[in-house]
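Okay, structure first, notes after.
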Amino acid sequence: MTREELQQLHDLCSADVGVDDGWEDDSARFEGIFSGAEQLEISNAGGEFEDVLNEMVRDWEGQKAEKKHAQDRPMVDAYMLWESSHGPQGLDNLEEWKVAEEVPQRYTVSVVDLFWHKEVDASIYPSDEYMTSALVHQGLIPCTPIAHSATISTRTLEVFRRTQLHSPHLSTQAFICMLCDLHQCPYHSYFITQFTIAFNVYTDILSEVNKKVWQALLRDEADYHIKNTCPCCMYKLEGETKLTYCLLFCMDGNDSLKQILWQNAGNDNSKVASKERSLDEGVVGSMTTASAGWRQRAWGIFNETGVFVALCHHGFVLIAADMVRSGELAKYPLAIIKHLLKTLGADLGGGYDISSYFKMLDKNNIYESLSQFLCNNYCQALDILQDQHALQHAMTQQGIDSEEVFHHWLTEERDHLMRLQAEPVEEMLQMEYFEKLVSLFQSEVKLEKARTIWTVNTPKTLASPLQDRTQSIENAHCQAQEKYDCLLNDVHILESKLKIAQWWMPGTVEWSEVRGMVWKRRYRQAVDALEALVVACLFKLTKMNMSETGYKQCKHIAKALQAHSQAVKTAIDNYNTAAAALGTHPSPSQLTWDEVVHYTFLSDFNLLHESQGDIWEKLWAKPIGRLMMDCYFKIQRAKEEIQQLNIEIHCLATYIQDEDCYLCKKIEEYKAIHPATAFQINKHCHSHACFNNRHLCHLI
1 MTREELQQLH DLCSADVGVD DGWEDDSARF EGIFSGAEQL EISNAGGEFE DVLNEMVRDW
61 EGQKAEKKHA QDRPMVDAYM LWESSHGPQG LDNLEEWKVA EEVPQRYTVS VVDLFWHKEV
121 DASIYPSDEY MTSALVHQGL IPCTPIAHSA TISTRTLEVF RRTQLHSPHL STQAFICMLC
181 DLHQCPYHSY FITQFTIAFN VYTDILSEVN KKVWQALLRD EADYHIKNTC PCCMYKLEGE
241 TKLTYCLLFC MDGNDSLKQI LWQNAGNDNS KVASKERSLD EGVVGSMTTA SAGWRQRAWG
301 IFNETGVFVA LCHHGFVLIA ADMVRSGELA KYPLAIIKHL LKTLGADLGG GYDISSYFKM
361 LDKNNIYESL SQFLCNNYCQ ALDILQDQHA LQHAMTQQGI DSEEVFHHWL TEERDHLMRL
421 QAEPVEEMLQ MEYFEKLVSL FQSEVKLEKA RTIWTVNTPK TLASPLQDRT QSIENAHCQA
481 QEKYDCLLND VHILESKLKI AQWWMPGTVE WSEVRGMVWK RRYRQAVDAL EALVVACLFK
541 LTKMNMSETG YKQCKHIAKA LQAHSQAVKT AIDNYNTAAA ALGTHPSPSQ LTWDEVVHYT
601 FLSDFNLLHE SQGDIWEKLW AKPIGRLMMD CYFKIQRAKE EIQQLNIEIH CLATYIQDED
661 CYLCKKIEEY KAIHPATAFQ INKHCHSHAC FNNRHLCHLI
């Protein structure tokens, strides 16, 4: 409120309230309602005035928003002046709120600080435009835009903000209960509303101050933060080596950041988050879903079901998009990729794993550990390069002359895996034709048996009518005939596809070859099923024995393993049956339950070796070949990593020096123009400079 409005408020409070405004109460109508003579048009369910109430709430919310919006700029200016004289968030000098004698007006408010709560006389200076700016000028954040009676100190709100950044699980209620314990006062539920309003005002002030700093640094243009988020990825040097990908990034979605869709107008939240790294909903909505298989449903009560982000490989957030009333759809990564290509250009390398979940990290934490991240990667790459001599020795022992062999092995492995995705069509038709022939011969035997069945009459059967005795025989004959005709039709269709002129009969070459193929396929299927079950058990056992696995989760895993054991036993029986029918020499070993349950590591379970015997004869499929190939490609990637790290380290070191010079220049420039802005720039400079010495120590 202005000084004139404050004076009018005092005049109204001291005025005579016994004024006759001509209002007359219609008591006669109320007496008729109370006596039951007249009916009041209100149902027992209520809700007749819900629309009126919602309209009133919207009016109240709109009036509060208008009053707050008019006071935003004075509060921001007052905060910057107060902070420049009392240190960051008032932590350098603790204000005692002593009113000077020359102050023309005073205003008594209740102040909540970290360790005390009392009534103080706030000073109102002639330069203060509103009462809120007068309170902010003294380090107090009001809980209401008008009629200020309760305030919270700035350092209290700053402690809560910093604590919640490092521990998001800290709730407002828990923090207020802690303050009540320190102040030795009872807790009231309305404390949460007051604290929330003050905290929102405080964060809005900090956001506006941050905007002023970016404007002073000439860094407020669109997409500046995306183009300059990571100094190692974005800061380019003259004459640096061009990499295959100028930026490596990853994308993922998180479904824990939900916002409920409110229908009540009173719960409308007009607070808008910063758009520095967020993607507009309209941009995301313009991207159509690529496939129906990507569609993931979400609970209808949520407006925002989560957030989808893109991060560079150093961990800095590039851009984020809200997932609105849906699950993790394909339009979110498509919209992010489109925006990154539009903003950063070509030569981008990205990865996306739809089965993982990201964890949001604070930018300061990422920047703090950036140099350590680079040094750790450099040391890891150097350790890998030390295996070059061991690789050369192993190649000599195995008779490998050139490193090009590893690339040839990789191509063979890729081709083999592609062949395993689906069996050849002709082989599948031949095996299906063989199985149909076997079923046809068996059906022919059953049909012949149904035709030649004899009816034996006994004293029991003679008691029943003759029609009932022959009906079952006729039904069995009809069913056998229908099954035989159906199989015969299938055989004719397959013969036309395979261009077979005469049936395969037992003992022929084709019959023997395809029968072996069918047995091998059944054996491979049994091996795959058993291996999948055993590997799943091993993963569950690994999870149960991991640290930080709770007791309840261990109990759930143990129960799941008990239910899983019966499926494993059935798979073992199927495997042993298929192995015995394979007829190879030597035949695959039979498995028992005791052998399977004693497997501890994945390397112990190697049934796949027997299912792909022709592949395991090759050197690239043997353990020594796998080790050599892995070692070779790790060395190649380590060389590429060192090449990229050499560029990133130079970029980071140059960025630190250039940023310090630029910020110092801006501080000196604004000291004469606007000291409060110069203080905020200096504060921003110190927030990054505190980590720069550590970075230089790691890099030098």
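Take 1 as the starting number for the sequence shown in my numbering and just add one per residue.
C-beta atoms are modelled at their ideal positions from N, C-alpha and C, and glycine is treated no differently.
Nearest-angstrom Cβ-Cβ length linking residue i and residue j, presumed shorter than 8 Å
| i | j | result |
| --- | --- | --- |
| residue 571 | residue 530 | 4 Å |
| residue 434 | residue 518 | 6 Å |
| residue 57 | residue 208 | About 27 Å; that fails the 8 Å criterion. |
| residue 575 | residue 527 | 6 Å |
| residue 112 | residue 120 | Wrong, their Cβ atoms sit about 11 Å apart, outside the cutoff. |
| residue 698 | residue 375 | 5 Å |
| residue 494 | residue 443 | With 8 Å as the limit, residue 494 and residue 443 do not qualify as a contact, their Cβ atoms being about 15 Å apart. |
| residue 108 | residue 227 | Going by Cβ atoms, the distance from residue 108 to residue 227 rounds to 51 Å, so no, they are not a contact pair. |
| residue 122 | residue 134 | 7 Å |
Best match in the options for proximity to residue i [C-alpha to C-alpha]
| i | options | result |
| --- | --- | --- |
| residue 366 | 308, 229 and 430 | 229 |
| residue 703 | 578, 236, 523 and 216 | Because the chain in this structure spans residues 1 to 700, residue 703 falls outside the shown range and cannot be described. |
| residue 312 | 59, 343, 330 and 250 | 250 |
| residue 638 | 388, 556, 60 and 202 | 388 |
| residue 678 | 81, 66 and 74 | 81 |
| residue 408 | 685, 52 and 625 | 625 |
| residue 654 | 695, 53, 682 and 633 | 695 |
| residue 205 | 493, 187, 139 and 642 | 139 |
| residue 557 | 540, 699 and 550 | 540 |
| residue 252 | 425, 323 and 53 | 323 |
| residue 150 | 163, 162, 132 and 657 | 132 |
| residue 66 | 168, 53 and 144 | 144 |
| residue 681 | 596, 212, 506 and 404 | 212 |
| residue 350 | 393, 247 and 443 | 247 |
| residue 415 | 545, 620, 642 and 506 | 620 |
| residue 125 | 136, 549 and 618 | 136 |
| residue 514 | 552, 660, 410 and 426 | 426 |
| residue 594 | 569, 577, 618 and 117 | 569 |
| residue 105 | 127, 511 and 373 | 127 |
Collapsed DSSP secondary structure at residue i in the structure displayed
| i | result |
| --- | --- |
| residue 152 | strand |
| residue 138 | coil |
| residue 345 | coil |
| residue 108 | strand |
| residue 402 | coil |
| residue 709 | Residue 709 is absent from the model: the chain starts at 1 and stops at 700. |
| residue 310 | strand |
| residue 694 | helix |
| residue 228 | coil |
| residue 685 | helix |
| residue 330 | coil |
| residue 146 | coil |
| residue 700 | coil |
| residue 594 | helix |
| residue 248 | strand |
| residue 387 | coil |
| residue 222 | coil |
| residue 501 | coil |
| residue 544 | helix |
| residue 319 | strand |
Beta-carbon proximity check, residue i vs residue j, cutoff 9 Å
| i | j | result |
| --- | --- | --- |
| residue 179 | residue 347 | no |
| residue 319 | residue 334 | no |
| residue 71 | residue 130 | yes |
| residue 645 | residue 370 | no |
| residue 316 | residue 336 | no |
| residue 391 | residue 670 | no |
| residue 648 | residue 233 | yes |
| residue 491 | residue 437 | yes |
| residue 567 | residue 533 | yes |
| residue 384 | residue 628 | no |
| residue 214 | residue 224 | yes |
| residue 521 | residue 412 | no |
| residue 190 | residue 177 | no |
| residue 83 | residue 676 | yes |
| residue 69 | residue 115 | no |
> Does the count of Cβ pairs from the segment 376 to 386 and the segment 234 to 241 closer than 8 Å reach three?
Replying inline: no
> Do the segment 498 to 511 and the segment 556 to 574 touch if we need at least three Cβ pairs shorter than 8 Å?
Replying inline: no
> Is there contact between the segment 195 to 203 and the segment 147 to 164, where contact requires at least three CB pairs shorter than 8 Å?
Replying inline: yes
> Does the segment 473 to 482 come close enough to the segment 434 to 449 that 3 or more CB-CB pairs lie under 8 Å?
Replying inline: yes
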